[in-house]
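In the numbering used here, the protein residues as written are 51 to 525. Glycine is no exception: its CB is placed at the ideal position from the N, C-alpha and C atoms. For clarity, every value in this text was computed on a predicted model and none was experimentally measured. Comments concern the structure below.
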Ligand code: ADP
Ligand code: GLC
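And the structure:
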């Protein structure tokens, strides 16, 4: 099947979080299964630099009066996967991030920038013959592509089905109603039965309302978003659409995330040959200026620093960590408030290291070098870092929610335990989970069993890609 996979970030070209990882790994997994997938994303400068064999193949005019829009066909840097880059120099060729300016503020024209991405995708249904490839199914992802099913409907008469995947319902892509004519949509769409959401336009709502089918990235999150706990105001609509809503857990690209051949880490290791893990821990303690103590339980975290990720719970349990003789390393970027609080705590304790940066390579060394991985997220649609931590023999400490609940097995699993799971996002329960983790760490046999179980769990993309394939075909 000809499937157009549309996303606002794709690893290794541009990535800010898990969406990039998924967009980089799911399409190749579908290609392995025989599907004809192309990945569409904006032609950000980093994408233009890294993509190979670039050729402009389609002129799309100037639909938003922001200058010319065109399509560049290209290849991924290190695979044969085909890319379609949506080029608009005035919208995408800028310094800064895919969503934000260098100072952290959102780009003021994000409503146009991402409307253009969806417009270009939908336009392929009409002009695909020019490039000899017309999508038979559209796969949109998160609010940045939420207008795609609306364009298919209002501009093209629903030429093919559209699947919409929710990676995070808390980013709603909300803009004032006045933008509707600017993005070439009729007022008819501005309705509760449409893309209206709390007296504004929401690109997320558009995706949820107009798509033929909705998926999200774990089964538990698919349940949670039909309730006020995680529905973020969309729970009514999602409950109405529950027969068109499926939870499919994300996978891991084990080419990129595997301690047996990871080029970023100090020493390689695998189950049965674990010597390298200790070397990774020592190297990490050295790199971050932590006391070089093999016995001190070292906790790690790699994360966007936002409310979602439960940073406040970590801050509240630092006294427990200190009492247990633990060390902590956090790599992250995000809201100034959390960045500053974390830096203050690191300055006050020799056992805490905080790096405010986005560093792919260091993220691998932290996940390999730590003993345990912290993920006390308040909600978590899937979460990928806990899956990486499992593979690297770094048992995760997680809140029982969303994908964390579906992928980490706590003490209740007995001999099949892979990590430490607590039931409510409150500091007392995180503190108890840290005590439980350190206690297990100090009992060698028990610890080795937990570590080995996690390393042997298989979250490769193959199974989930097959589930997507079945769903595409049913649509
Ligand atoms: P989310 O998508 O909510 O941010 P995930 O766990 O699904 O959470 O994915 C996060 C991805 O982003 C992982 O690949 C993680 O390693 C990466 N990441 C997050 N923050 C950083 C950082 N500061 N440096 C390097 N990688 C990061
Ligand atoms: C989102 C979610 C995260 C998920 C990722 C990829 O950013 O916060 O839980 O793993 O998307 O689907």
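- Those residues having their beta-carbon less than 7 Å away from any non-hydrogen atom of the ligand GLC are, in chain order, 67, 68, 69, 71, 72, 217, 218, 267, 300, 358, 430, 431, 432, 433, 434, 452 and 453.
- As DSSP reads the structure, residue 423 sits in a beta bridge with 350 and 446.
- In the pairwise beta carbon analysis, the segment 415 to 433 is classified as touching the segment 309 to 329: at least three pairs are separated by under 8 Å.
- Its chain contains 381 as the residues whose beta carbon lies nearer than 6 Å to that of residue 405, once the 5 sequence neighbours on both sides are disregarded; these appear in chain order.
- A straight line joining the alpha-carbon of residue 410 with that of residue 342 spans about 23 Å.
- Judged by DSSP secondary structure, residue 441 falls outside any beta strand (DSSP E) and instead within the alpha helix (DSSP H) spanning 435 to 441.
- When 133, 66 and 82 are compared, the shortest CA-CA separation from residue 98 is found for 133.
- Of the other Cβ atoms in all chains shown, fewer than 16 fall within 10 Å of the Cβ of residue 84; this residue is therefore exposed.
- If you look at residue 191, you'll find it isn't in any alpha helix (DSSP H); it sits in the beta strand (DSSP E) that goes 187 to 191.
- The beta carbon of residue 322 lies closer than 8 Å to none in the same chain, with the five residues before and after it left out.
- Distance between residue 421 and residue 331, taken at the CA atoms: about 8 Å.
- Around the beta carbon of residue 495, fewer than 16 other beta carbons sit within 10 angstroms, so the residue counts as exposed.
- Taking a C-beta distance under 8 Å as the contact criterion, residue 54 and residue 174 qualify as a contact pair.
- Under DSSP, residue 120 shares a beta bridge with 109 and 137.
- Rounded to whole angstroms, the gap between the alpha carbons of residue 164 and residue 153 is 20 Å.
- Under the DSSP assignment, residue 494 falls in the alpha helix (DSSP H) whose first and last residues are 494 to 506.
- Not one heavy atom of the ligand ADP sits closer than 7 Å to the Cβ of residue 304.
- In this model, residue 504 and residue 353 are separated by some 20 Å (Cα to Cα).
- Between residue 501 and residue 443, the C-beta gap is smaller than 8 Å, which places the two residues in contact.
- If you check the CB distance, residue 302 and residue 518 do not come in under 8 Å.
- Taking a cut-off of 8 Å for Cβ pairs, the segment 214 to 221 and the segment 254 to 271 touch, as three or more such pairs fall below it.
- Secondary structure at residue 298: coil, using DSSP grouped into helix, strand and coil.
- Under the criterion of beta carbons closer than 8 Å, residue 107 and residue 181 qualify as touching, at roughly 5 Å.
- Within 7 Å of the C-beta of residue 352 there is at least one heavy atom belonging to the ligand ADP.
- Beta-bridge partners of residue 204 (DSSP): none assigned.
- When C-beta atoms of the segment 425 to 433 are compared with those of the segment 451 to 465, three or more pairs fall below 8 Å, so the two segments count as touching.
- Of the other Cβ atoms in all chains shown, 16 or more fall within 10 Å of the Cβ of residue 270; this residue is therefore buried.
- Rounded to whole angstroms, the Cβ separation of residue 360 and residue 428 is 5 Å, and the two are in contact under 8 Å.
- Membership of residue 215 in the beta strand (DSSP E) is indicated by the continuous run 211 to 216.
- Beta-bridge partners assigned by DSSP to residue 403: 379.
- Annotation: residue 517 is outside any beta strand (DSSP E); the continuous alpha helix (DSSP H) that includes it extends over 511 to 524.
- For residue 74, the CB stays at least 7 Å from every heavy atom of the ligand ADP.
- Residue burial is scored here from C-beta neighbours: residue 441 has at least 16 other C-beta atoms within 10 angstroms and is therefore classed as buried.
- In this chain, the alpha helix (DSSP H) harbouring residue 163 covers 160 to 181.
- For residue 126, there is no enclosing beta strand (DSSP E), as DSSP marks it with neither H nor E.
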